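Take a look at the structure set out below.
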Amino acid sequence: MKENVRKKVKKPSIWLALVPVLFMVVSLSVSVIKFEAEPHIPLFLSTIVAAVIAVRLGHSWTDIEKSILKTIMLSLQAILILMIIGTLMGTWLAGGIVPTMIYYGLEIISPAYYLLAACLICCIVSMAAGNAWSAAGTVGIALMGIGQGLGVPLPMVAGAIVSGVYFGDKMSPLSETTNLAPAVVGIGLFDHIRNMIYTTGPALVIALILYGILGIKYFGEGSRVNDVELIQSILTDQFIISPLLLIPPLFIIVILVLKIPAIPGLTIGSIAGALCALFVQGAGLNDVIAAMHTGFAADTGNVITDELLNQGGIENMMSMIALVLIAMSFGGVLEKAQILETIVQALVSRIKRTGSLIATTVVTCFSANAVGCEQYMSIIIPGRMYLSEYKKRGLHPKVLARTLEDAGTMSSPLIPWTTCGVFMLGVLGVSAFEYAPYAFLAWISPIIAVIYGYFNIKIDRIPAESGQKSEGLVRTMDKMAP
């Protein structure tokens, strides 16, 4: 009986495959742009549409549900990290850690070079930690507060932070995605990193120049000296401000550099914040528990300062966690029904030039993030699907690996309902819809990749003598494909 059911399963036509994707695009556009609503319900409705199509193709609900649960499993680590970040934000505020970082940041950083400095700081921390989330969840929180105190528009600040943390997430040998991309196509890690310098290096330089220009434009605007002094005065009234409170964030950066996993590392940071709240700020145990659960609550009488301080808590992460679950459910249905695979194959059949192949890979990575809702999906799925095509055209696999990172890794925080987009909203308090125009590195990297493809710049070819070895690699990857 089971064998008969399997025989009835069909692969979708290109037009049928486009239905749930187009429905998602239209419903999200109408809901988010016209009604300024959250993306939860449009994605939920898109999941229903995709599930109906999957059933029509012959998939049983049991198989669809298993695929949904399997895909959700990919996001469980992200969900746990989101909750821990909620407790960390609460305790670091209650413990005076974030207020101390904001206080000293306001003292030494000027709006004229703030965006450039924020991006560079995040580049350094994320390179050392090898993780965009760890960098954003520690120094990113403080940088948002400093930017708000200086009067720099928060979407710009968030864009600079996202650019910086994803530079490290892409280039650090400690990063999971930096290891995943070369593994998928079968090349060495450091060959991959060296090859990425050709696109990522120029992209970072251009991004820093743009942040410098924006900083000059906003110099003298926003918060004046008196406003900064007022915020610092309120912080010293509400908290004990001491350089010693900078030790916990420095300690967390060190343990992340030592490759302690993010979950225990951030948990240690949350506990350190709780201890600072109890023994430095003199808070009660009930206050610390409340900060971890519902977030830190302050009523200073100053709107800007209250916005800086009233954050954190597990409860404030629940909306983001719900969005992750819905988005991953949608991705699970699409994967089971082979919808993205069908669309990609239709695109490949029409490609003639190297530049067009790389451009199609870039679009596919963006699409995989949008419909798969997970950064890893945007690397694994296009990597498996395009490897044979790159080989047939004589292109070295490291060109594909670089493009996967230029587009897959870098586009993941630009889409609000991916796990990365949701995480950045939870930590930075700014939606991807708002910060995406200022996340310059994330846009420039894939653009440079496409330009290189069309103008044949740094496009390595497969040596003739390695042809047999390359064919074996293609066959191996084909066997790995789901």
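For the sequence shown, position 481 matches number 481 in the working numbering, and the numbering has no gaps at all. Every residue gets a Cβ at the ideal spot worked out from N, C-alpha and C, and that includes glycine. From a predicted model like this one, the values you see are computed outputs, not experimental measurements.
- Query: When DSSP labels each residue in this structure, what does Arg384 get in the three-state scheme?
  - Reply: helix
- Taking Pro413 as the reference, which of Val430, Val185, Thr403 has the closest Cα? Val430
- Message: I need the straight-line Cα distance from Leu404 to Tyr386, nearest angstrom please.
- Response: 10 Å
- Look at Val333 and Ala50 and say whether their C-beta atoms are less than 7 Å apart. When the beta-carbon positions are compared, Val333 and Ala50 come within less than 7 Å of each other.
- Item | Other residues of its chain near Leu266: CB distance less than 6 Å, five sequence neighbours each side excluded | For Leu266, the CB contacts under 6 Å within the same chain, skipping 5 residues up- and downstream, are Ile84, Leu88 in chain order.
- Message: Could you tell me the alpha carbon to alpha carbon distance between Ile33 and Thr342, rounded to whole angstroms?
- Response: A straight line joining the alpha-carbon of Ile33 with that of Thr342 spans about 29 Å.
- Helix, strand or coil: how does DSSP classify Leu57 here? In the structure shown, Leu57 sits in coil (DSSP, three-state: anything other than H, G, I, E or B).
- Message: Could you tell me the alpha carbon to alpha carbon distance between Leu210 and Val52, rounded to whole angstroms?
- Response: 46 Å
- Message: At the level of alpha carbons, what is the spacing between Val137 and Ile252?
- Response: The residue you asked about is not Val; residue 137 is Gly in the sequence shown. Between Gly137 and Ile252, the C-alpha separation is close to 11 Å.
- Task: For Thr236, count neighbouring C-beta atoms within 10 Å of its own C-beta (all shown protein chains included) and say buried if the count is 16 or more, exposed if not.
- Result: exposed
- Query: Per the contact definition of three or more C-beta pairs closer than 8 Å, is the region 373 to 386 in contact with the region 141 to 153?
  - Reply: no
- Query: Hey, quick one: how far does the alpha helix (DSSP H) through Lys398 stretch, first residue to last?
  - Reply: 397 to 403
- Item | Opposing strand residues paired with Arg461 [DSSP bridges] | Leu395
- Query: Beta carbon of Ser445, beta carbon of Asp406: below 7 Å?
  - Reply: yes
- Whose C-beta lies closer than 7 Å to the C-beta of Gly86 among residues of the same chain, with five residues either side of it excluded? Gly312, Gly313, Ile314, Asn316, Met317
- Task: Identify, in the order they occur along the chain, each residue of the same chain with its Cβ nearer than 6 Å to the Cβ of Met328, setting aside the five sequence neighbours on each side.
- Result: Thr71, Ile72, Ser75, Cys373
- Message: Which same chain residues end up closer than 6 Å to Gly394 when comparing Cβ atoms and leaving out the 5 residues on each side of it in sequence?
- Response: Arg461, Ile462
- Item | Cα-Cα separation between Asn131 and Val165, rounded to whole angstroms | If I take the Cα positions, the gap works out to 7 Å.
- DSSP three-state assignment for Asp169, whether helix, strand or coil: helix
- For Ile81, collect the residues of the same chain with a Cβ closer than 7 Å to its Cβ; drop the 5 residues on either side in sequence, then sort them by chain order. Trp133, Ala262, Ile263, Leu266
- Query: Considering only C-alpha positions, which residue in the set Leu325, Ala17, Leu116, Gly90 is nearest to Cys269?
  - Reply: According to the sequence provided, residue 269 is Gly. The question's Cys does not apply to it. Among Leu325, Ala17, Leu116, Gly90, the Cα nearest to that of Gly269 is on Gly90.
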